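>
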Amino acid sequence: MTEMVVGIDLGTTNSLIAVCDERGPHIIASESGRRMLSSAVRYDDSGRVESVGMDARLGAAGYPTRTVMSAKRWMGRAFSERCDDPTGAAPCVEGLRGRAVFAVGNMTRSPEEVAAAVLATLVADAEHLLGFRPKRAVITVPAYFDDGQRQATRDAARLAGIDPVRILNEPTAAALAYGVGRPGASTETIAVYDLGGGTFDISLLEVTPPAKDQQELAGDEGLFRVLSTAGDTHLGGDDLDVLLARYLLRQVAGSNAVLESLSPHERISLIAACETAKCALSFQDQTVVRWSISAGHIRSLPLDRPTLESIAAPWIERTLVACRRAWRDAGSPAIDRLLMVGGSTRLDAVRHAAAALFQTEPSTALDPDEVVALGAAVQGAVLSGKRRDLLLLDVVPLSLGVETVGGAVAKVIMRNTSIPTQAVEMFSTSVDGQSKILIHVVQGERELVADVRSLARFELVGIPPMPAGIPQLEVRFVVDANGMLQVSAVERRSGRRAAVQVLPTYGLSAAEVESMDSASVVHAREDMRRHRMIDLIVNARLDLRWIGEATSRVRDSLDRETTESVDRATQELSLLVARAEHDPDSVDADELHRAKEALDRASVRVHEVSIAASLKSMAAEAGGLSNESRTT
Ligand code: AMP
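Heads up: the sequence shown runs through residues 1105 to 1736, numbered per the working numbering.
1. Give me whichever residues DSSP pairs with D1298 in a beta bridge.
2. Return yes when at least one heavy atom of the ligand AMP lies under 8 Å from the C-beta of F1328, else no.
3. Given S1598, which residues of its chain have a CB within under 6 Å of its CB, disregarding the five upstream and five downstream residues?
4. Use the C-beta contact count for T1533: other C-beta atoms within 10 angstroms, 16 or more gives buried, fewer gives exposed.
5. When you compare only the Cα positions, how much space is there between L1141 and S1365?
6. Assuming L1385 and R1409 make a contact with CB atoms under 8 Å, what is their CB distance in whole Å?
7. Between the beta-carbon of V1172 and the beta-carbon of V1208, is there less than 9 Å?
8. With distance defined between alpha-carbon atoms, name the residue in T1291, A1278, P1314, G1285 nearest to I1306.
9. In its own chain, which residues sit with a C-beta less than 7 Å from the C-beta of M1158, not counting the 5 before and 5 after it?
10. Which residue comes first and which comes last in the beta strand (DSSP E) that contains Y1147?
11. Please list, in chain order, all residues with a C-beta atom less than 6 Å from at least one heavy atom of the ligand AMP.
12. Please list the segments of the beta strand (DSSP E) lying wholly inside the segment 1211–1235, counting only runs of 3 or more residues, in order along the chain.
13. Since T1337 and L1327 should fall inside the 8 Å C-beta cutoff, what is the C-beta to C-beta distance between them, to a whole number of angstroms?
14. If L1577 sits next to L1504, beta carbons under 8 Å apart, how far is it from one beta carbon to the other, in whole angstroms?
15. Tell me which residue opens and which closes the beta strand (DSSP E) that S1558 is part of.
16. Can you tell me whether K1176 is buried or exposed? The criterion is at least 16 other CB atoms within 10 Å of its CB, across all chains shown.
17. Keeping to the same chain, check which residues put their C-beta closer than 7 Å to that of D1536; ignore five residues upstream and five downstream.
18. Which residue's Cα is closest to the Cα of D1452: I1517, V1604, I1541?
19. Do you know whose CA, among V1269, H1627, S1624, lies nearest M1108's CA?
20. In terms of residue numbering, what span does the alpha helix (DSSP H) encompassing I1420 cover?
21. Are A1434 and L1280 closer than 9 Å when you measure CB to CB?
22. Roughly how many whole angstroms lie between the Cα atoms of A1524 and R1580?
23. Which class does M1518 belong to by DSSP, given the choice of helix, strand or coil?
24. Among E1507, T1169, V1500, which residue has its Cα nearest to the Cα of S1522?
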């Protein structure tokens, strides 16, 4: 396994390492579970690396002359090119031959040395998980990096003891992670919109996949041609946090208040609170921003999503200006796919603006912070010849469905359906007054949720209270030609809707599909029995409730024989249901089915009396109305 090639996203703010093995591409977390390493390095007084990561970033204010952040901005650049340094970190000075270097205490450190410290930390993390030290890596860089910047990245890798087998463009990596360029597909134009914390990049790529009969694999970089790039190296989510902070400050201190007049403590606290609120508003409609103005004193203000979006509008527009420029430079081709990269693309308003400009739905299935590292790992696997058994497909390899009450699976699209395809199913609720519905999207052939692969969960919220069974939930599954699944749900009575996108084949190998499929054959009989038991329990519970309610409403109008037989059947079924819920194997499904039917038969009279009573009360109500209308 030592020939394994890992993928590394060496970022301005954060860096990640990933590997693509038989489980597919995945991020390698550190021993403590951290998936992202802050690209900050602190040196000790003698110039040795003291700390790398979040600890160095958070401590930067305390050790400003010994901490280097955002070294990537200076990689392979001359000091005369000048760019801003983050405040509170070691400054850049002119080194040998006009090169940019960092003044660390009374020494200097080159951007390559700083990057090497970050790379070495990532490789040490990987060594811990893999059990050996990976020696070869694919490392990503922005598409606009020139030869000098790419060479500096290679040098950084060698300093860290890594052989940089390929320097890969970040947008190409994102496209590889999304499986773009599969053999046999047609040529596509892809826009990669990358909005992180401090930088914005837009890249347009043309992808020409190999012919289907060619054994060449997706992932050969020769298939990807960069048509144009544009961006802003000082535009990112951090700027939005500051815009938000300025707005809130004007709310509390008047239109002339400026952020710079606050104490450093309050300013940092306010900006950090704004970032938290901004992230919260990507999954809720409103929040409260709380920041500390002095020791023990907190100030708070509510903030809702429309306000955030109106503050963000000019900031988003700055990204669109760059997008239009890149698009024009590429000759304004039709965009087939829009890929979203970088944490700030979690904002709905950002996604909508990019989608409206490029006139295509954005792909958001993969974590926007991880997609570049994952793509680098895919490229690494191709280079080491490991990617051979990954799935290349034009059918849905495993059935797709949703979890229903009791942990059963309702399949919506069956396996081996050719793509693109779509299907719709109707569902309802099982509890009265449910104001939200959780939709759990799953994949696999088995009948119970415990035995299938979980793909995504999302919530439909804000449903007005209705009795169980009344909401009409339409769930639509759409699989596009690239295998991307979009699941949308709409509650028809209230019009509330929500959606999620996933790549169901992500990280799935051919062998895994086969084993999931054969498991369903082996367990078919047992699965059917368990699924039937769940359905019986759910339906018996509903019967017990409805018949119980109807009986108590009309008990006085029923003959003794009916009430006695309903009570007996109710008791018998309740006991069986309770037992089955406790231990499904202790109850025979046929026995449960018979008990349910016995209750249904015993309650026929209850329904007749109940319907007659309802009709009578409706007639009385109708009379009341007409009387009323006559008097007015
Ligand atoms: P990156 O540089 O790609 O790690 O992106 C970091 C940026 O993404 C920071 O400015 C974060 O505040 C921002 N970010 C992360 N999650 C969200 C979210 N849910 N909504 C809006 N911005 C986010």
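C-beta atoms are modelled at their ideal positions from N, C-alpha and C, and glycine is treated no differently. Only a predicted model underlies this, so the values are computations on that prediction, with no experimental measurement involved.
In terms of the structure at hand:
1. According to DSSP, which records beta bridges pairwise, D1298 is partnered with D1305, V1445.
2. For F1328, the shortest separation between its Cβ and any heavy atom of the ligand AMP does not lie below 8 Å.
3. Excluding sequence neighbours, S1598 sits near I1567, P1568.
4. So T1533 counts as buried.
5. Going by the C-alpha atoms only, they are around 33 Å apart.
6. Indeed they touch by this definition, with Cβ atoms about 5 Å apart.
7. Cβ distance < 9 Å, so V1172 and V1208 count as in contact.
8. Of T1291, A1278, P1314, G1285, the residue nearest in Cα terms is A1278.
9. Excluding positions up to five away in sequence, the list reads S1142.
10. Unbroken beta strand (DSSP E) run through Y1147: 1144–1147.
11. What you get when you keep residues with a C-beta closer than 6 Å to any heavy atom of the ligand AMP is T1117, N1118, G1300, G1301, G1340, G1341, D1342, E1379, K1382, C1383, S1386, G1446, G1447, S1448, R1450, L1451, D1473.
12. The segment 1211–1235 contains these whole beta strand (DSSP E) runs: 1211–1213.
13. Between L1327 and T1337 the Cβ distance is about 28 Å, and since that is not below 8 Å, they are no contact.
14. Rounded, the Cβ-Cβ distance is 17 Å, inconsistent with contact.
15. For S1558, the enclosing beta strand (DSSP E) covers residues 1557–1564.
16. With 16 or more other Cβ atoms within 10 Å, it is buried.
17. Excluding positions up to five away in sequence, the list reads P1571, A1572.
18. Per the Cα distances, V1604.
19. Comparing Cα-Cα distances from M1108 to each of V1269, H1627, S1624, the minimum goes to V1269.
20. In the DSSP assignment, I1420 falls within the alpha helix (DSSP H) that extends over 1409–1433.
21. Not a contact, by the Cβ cut-off of 9 Å.
22. Position check: residue 1524 holds Pro in this sequence, whereas Ala was assumed. Looking at the two C-alpha atoms, the distance is approximately 14 Å.
23. In the structure shown, M1518 sits in coil (DSSP, three-state: anything other than H, G, I, E or B).
24. It is V1500 whose Cα lies nearest to the Cα of S1522.
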